[in-house]
Amino acid sequence: MPSLVVHYAFVGLLAATLLGAAFDKRSLLLSILVVTFPDVDAFIGLYWQAGHRAATTNLVIPAVLALLIGVDLYVRDESYIRGRWGAYGVRVSWFCVVVYVVGHVLLDLITGGANLFWPLYDQFYQLSGHLELSSRRGIVQTFVELPEPRAETTGGSGGSTTQSMGNSSEVQMSTGIDPNPGQPEPETVDRVFPIARSGWELVILVVGTLATAASLRFGHDLPDE
5 MPSLVVHYAF VGLLAATLLG AAFDKRSLLL SILVVTFPDV DAFIGLYWQA
55 GHRAATTNLV IPAVLALLIG VDLYVRDESY IRGRWGAYGV RVSWFCVVVY
105 VVGHVLLDLI TGGANLFWPL YDQFYQLSGH LELSSRRGIV QTFVELPEPR
155 AETTGGSGGS TTQSMGNSSE VQMSTGIDPN PGQPEPETVD RVFPIARSGW
205 ELVILVVGTL ATAASLRFGH DLPDE
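Take the sequence shown: its position 170, counted from the start at 1, is 174 in the working numbering, and no numbers get skipped.
If you want it as structure tokens, here you go:
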């Protein structure tokens, strides 16, 4: 699973790319706070079965956040966000929803799985598979099984699909805070807090950090388009 610093680097890269004129230290700090919040469930898991990657790492919370922002901006006669922070606040508010979904939940979904619809539906999912162009079979993807008959193929490469993993009583994620969820903790427990566990995580960590730092240092010097 990606470490928090990988999440931070990825969000910094998103912020530097998407926020435009709204990118500054304040919006970056808010983005970091938002992307940190889903990992609160690592502590919840110490006391409750629906713990890490379930209680706060789901799509329900950002959906509620998006609904509240939408009501404030487009339903109320006077928007609090627009009245207090103007266009800057509108852009940063929507970006926070993107940060929650893409910057944390999606990364967790492809690196071990997440309970996407908890508490509405208790089931962990993991996104894995491949997408390729074959000279014999055309476009081949194994991320989603389409509901249609599949002809017999030969010479194809194997792969997994998006799959359910079980509910919160069957799946408990190990963390540095709770290395052995649901089990007595041994006296010699090894608490591991990862930084980068794969090459792509290291690339995101380095590139995202450099891009964020460069945008903070030089971004205000660039003319707006």
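Backbone N, C-alpha and C fix where the C-beta goes; we use that ideal spot for every residue, glycine too.
Could you tell me if Phe27 is buried or exposed, where buried requires 16 or more neighbouring beta carbons within 10 angstroms of its beta carbon?
buried
Spatial distance of Tyr104 from Leu18 (CA atoms):
12 Å
Residues in its own chain within less than 6 Å of Ala215 by CB, not counting five upstream and five downstream?
Cβ neighbours of Ala215 beyond the five flanking positions: Leu17 and Ala20.
Look up Gly170 in the DSSP assignment and give the residues it is bridged to.
Phe128
Starting from the Cα of Asn62, find the closest Cα among Leu77, Trp52 and Val44 and give me that residue.
Val44
Could you spell out the range, first to last residue, of the beta strand (DSSP E) harbouring Leu120?
Per DSSP, Leu120 belongs to no beta strand (DSSP E) and is neither H nor E.
Could you please give me the residues that DSSP links to Ser138 through a beta bridge?
Gly142
Is Ser138 buried or exposed, if buried means 16 or more other CB atoms sit within 10 Å of its CB?
Counting Cβ neighbours within 10 Å, Ser138 comes out exposed, since fewer than 16 surround it.
Which ranges does the alpha helix (DSSP H) cover as unbroken runs of at least 4 residues, wholly within the stretch 63-94, from first to last along the chain?
Complete alpha helix (DSSP H) runs here, min 4: 64-78.
Tyr230 - DSSP class collapsed to helix/strand/coil
Given that the chain is displayed from residue 5 to residue 229, the structure contains no residue 230 and the question cannot be resolved.
Hey, how far is the Cα of Ala200 from the Cα of Ala218?
22 Å
Measure the alpha-carbon distance for Asp112 versus Leu8 and round it to whole angstroms.
11 Å
Where Glu205 falls: helix, strand or coil (DSSP):
helix
Quick one: measure Cβ to Cβ for Ala58 and Ser202, integer angstroms, because I've assumed they're closer than 8 Å.
Contact doesn't hold; Cβ gap of about 23 Å is too wide.
Counting C-beta neighbours from all protein chains within 10 Å, is the total for Trp52 16 or more, i.e. buried, or is it exposed?
exposed
Are the beta-carbon atoms of Thr179 and Ala54 separated by less than 7 Å?
no
I'd like to check one pair, Ile85 with Gly74: are the Cβ atoms closer than 7 Å?
no
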